[in-house]
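Undergrad: Take any residue in the sequence shown, count from 1 to its spot, add 1169: that is its number in our numbering.
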Amino acid sequence: MIEVTRGNLLEADVEAIVNTVNTVGVMGKGIALQFKKAFPDNFAAYKRACDNYELQPGIVLVVANRELTGNPRFIINFPTKRHWRGKSRMEDVESGLEALKREVRSRGIRSIAIPPLGCGNGGLRWSDVLPRIQSAFADLQDVRVLVFEPTGAPAPRKMIDRTKRPKMTPGRAAVLCLMNRYLVPGYLYRLSMLEIQKLAYFLQVAGQDLRLNYQKHHYGPYADNLRIVLEKIDGHFIEGYGDGVGTNSPQTPITLLADAADEAEEFMRHDEDVQRRLTEVADLIEGYETPYGMELLSSVHWVATRECPCAKEHPDLAVREVHAWNPRKRDLMNGDHIRLAWQTLHDKNWL
């Protein structure tokens, strides 16, 4: 019996849940990241299979769920992508459905939850995928098949997370401390992802080894690998990152969880170098503690230190370079604001 439904697939009361994966061992976004957090043992088994080149399109990896009693009994990893950067192929969905059907029969599974295979980031159309799922399971009338249609991800606080609390490290502690100090002025809103990106940028420029790979991006300096840091600490020290997709945007609010700041401050209390860097960054950004202010300040710093060295001495060149960045900055950031940010950076010895 096939039922098309909506909701949180991870909360389905079924014997088996299908997890869409790639074949290179990465669960970085979307439903795969939700599975990684909810079923850490499954991720470990999946990663081993990928490292050993055992998981390919048309093959599913069944992992017995030993983390819970009751349902789900099995997590079934279903390759819909060959690489996480690529798009899904319909032929891989079709061959995977045949393999999935064989596993359901051989293991006597009586109920299963299936996500929208290859849709979303995979790029396949739901109107093409659903008929193939229905056709594959049409003759298994004694199996309850819950097919979840594409919807938005659940709110971050509602996502299941059974990962172990990560250790506090110097890099994590430094970022958490800076987030906390940024909030001290008393702003009622939570930090945005954009602001965290810029805080980490200035902290790294100040000399903290965060190993973040910053590049020129739409909203200013951006490090994609900061997502990995946020993913690991989400649900333990911060809240709001979720599955990395969902409603995530530069404006996505991030909250420090209770005691996270205290733990980070205690961890770094005796490190005078870190304390100095935190103070330097806090002093620099004073008066710029908004998404616009942080984008402005970091963009001016980037063009003057990475793209146009002469802009270190000439604010009008900084105006020219920021306006040449993209139409958004040209329309949003007027010359007076850019010159003021340049003066702040210059006076505080960041240029």
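For each residue, glycine too, the CB sits at the ideal point set by N, CA and C. Treat the numbers as computed from the prediction; the structure is a model and nothing was measured.
(1) Out of curiosity, what's the CA-to-CA distance linking N1290 and K1256?
(2) Taking DSSP's pairing of strands, which residues face H1386 in a bridge?
(3) Return the residue from the list L1269, Q1444 and G1292 that minimises the CA-CA distance to R1254.
(4) Provide the residue span of the beta strand (DSSP E) that contains T1424, from first to last.
(5) My parser needs the alpha helix (DSSP H) runs of 4 or more residues fully inside the segment 1427–1451; what are they?
(6) With H, G and I counted as helix, E and B as strand and the rest as coil, what does DSSP make of L1230?
(7) Quick check on I1302: does DSSP put it in helix, strand or coil?
(8) Specify the secondary structure class of E1272 as computed by DSSP and reduced to three states.
(9) Consult DSSP for V1414 and reduce its assignment to one of helix, strand or coil.
(10) V1231 and I1283 - do their beta-carbons sit closer together than 7 Å?
(11) In whole angstroms, what separates the C-alpha of N1221 from that of N1234?
(12) Assign F1406 to one of three DSSP states: helix, strand, or coil.
(13) Any idea what DSSP makes of P1325, helix, strand or coil?
(14) Looking at M1337: is its Cβ nearer than 7 Å to the Cβ of L1425?
(15) Rounded to whole angstroms, what's the CA-CA distance from A1427 to G1404? Just pull it up for me.
(16) Taking buried to mean at least 16 other C-beta atoms within 10 Å of its own C-beta, is P1354 buried or exposed?
(17) Look at M1502 and L1453 and say whether their C-beta atoms are less than 7 Å apart.
(18) Output needed for A1214: all residues of its chain with C-beta closer than 6 Å, excluding positions within five of it in sequence on either side, in chain order.
TA: By the coordinates alone:
(1) Reading the sequence shown from its first residue, position 121 is the one you call residue 1290. Reading the sequence shown from its first residue, position 87 is the one you call residue 1256. Here the alpha carbons of K1256 and N1290 stand approximately 7 Å from one another.
(2) Counting from 1 along the sequence shown, the entry for residue 1386 is found at position 217. BP columns for H1386 point to G1389.
(3) Residue 1254 sits at position 85 when you count from the first residue of the sequence shown. Looking at the Cα atoms, G1292 is the closest of the given residues.
(4) On the sequence shown, residue 1424 is found 255 positions in, with the first residue counted as 1. First-last of the beta strand (DSSP E) with T1424: P1422 to L1425.
(5) The segment 1427–1451 contains these whole alpha helix (DSSP H) runs: 1429–1437.
(6) Here residue 1230 is taken as the residue at index 61 of the sequence shown, counted from 1. Of the three classes helix, strand and coil, the one that applies to L1230 here is strand, per DSSP.
(7) Translated into the one-based positions of the sequence shown, residue 1302 becomes position 133. Reduced to three states, the DSSP call for I1302 is helix.
(8) Here the question's residue 1272 lines up with position 103 in the sequence shown. If DSSP states are grouped into helix, strand and coil, E1272 belongs with the helices.
(9) Reading the sequence shown from its first residue, position 245 is the one you call residue 1414. Confidence at V1414 is low in this model, with a pLDDT of 47, below 50, so its placement is unreliable and the value that follows should be read with caution. Residue state, collapsed to three classes: coil.
(10) Mapped onto the sequence shown, residue 1283 falls at position 114. Mapped onto the sequence shown, residue 1231 falls at position 62. Not closer than 7 Å, so no.
(11) Taking the sequence shown and counting its residues from 1, the one referred to as residue 1221 is at position 52. Taking the sequence shown and counting its residues from 1, the one referred to as residue 1234 is at position 65. Between N1221 and N1234, the C-alpha separation is close to 21 Å.
(12) The residue you call residue 1406 lines up with position 237 of the sequence shown. F1406 falls in the coil class under three-state DSSP.
(13) Numbered from its first residue, the sequence shown carries residue 1325 at position 156. Note that P1325 scores a pLDDT of 47, beneath 50, so its modelled location is shaky and nothing firm can be said.
(14) Along the sequence shown, one-based indexing puts residue 1337 at 168. Along the sequence shown, one-based indexing puts residue 1425 at 256. Their beta carbons are not under 7 Å apart, which means M1337 does not touch L1425 by this criterion.
(15) To locate residue 1427, count along the sequence shown from 1; it is residue 258. To locate residue 1404, count along the sequence shown from 1; it is residue 235. One alpha carbon belongs to A1427, the other to G1404, and they sit about 11 Å apart.
(16) Here residue 1354 refers to the residue found at position 185 when the sequence shown is read from its first residue. With a pLDDT of 49 at P1354, under the threshold of 50, the predicted position of this residue should be treated as unreliable, though the coordinate-derived value follows. P1354 should be labelled exposed.
(17) Looking up residue 1502 in the sequence shown gives position 333. Looking up residue 1453 in the sequence shown gives position 284. Going by C-beta atoms, M1502 is not nearer than 7 Å to L1453.
(18) Translated into positions along the sequence shown, residue 1214 becomes position 45. V1232, listed in sequence order.
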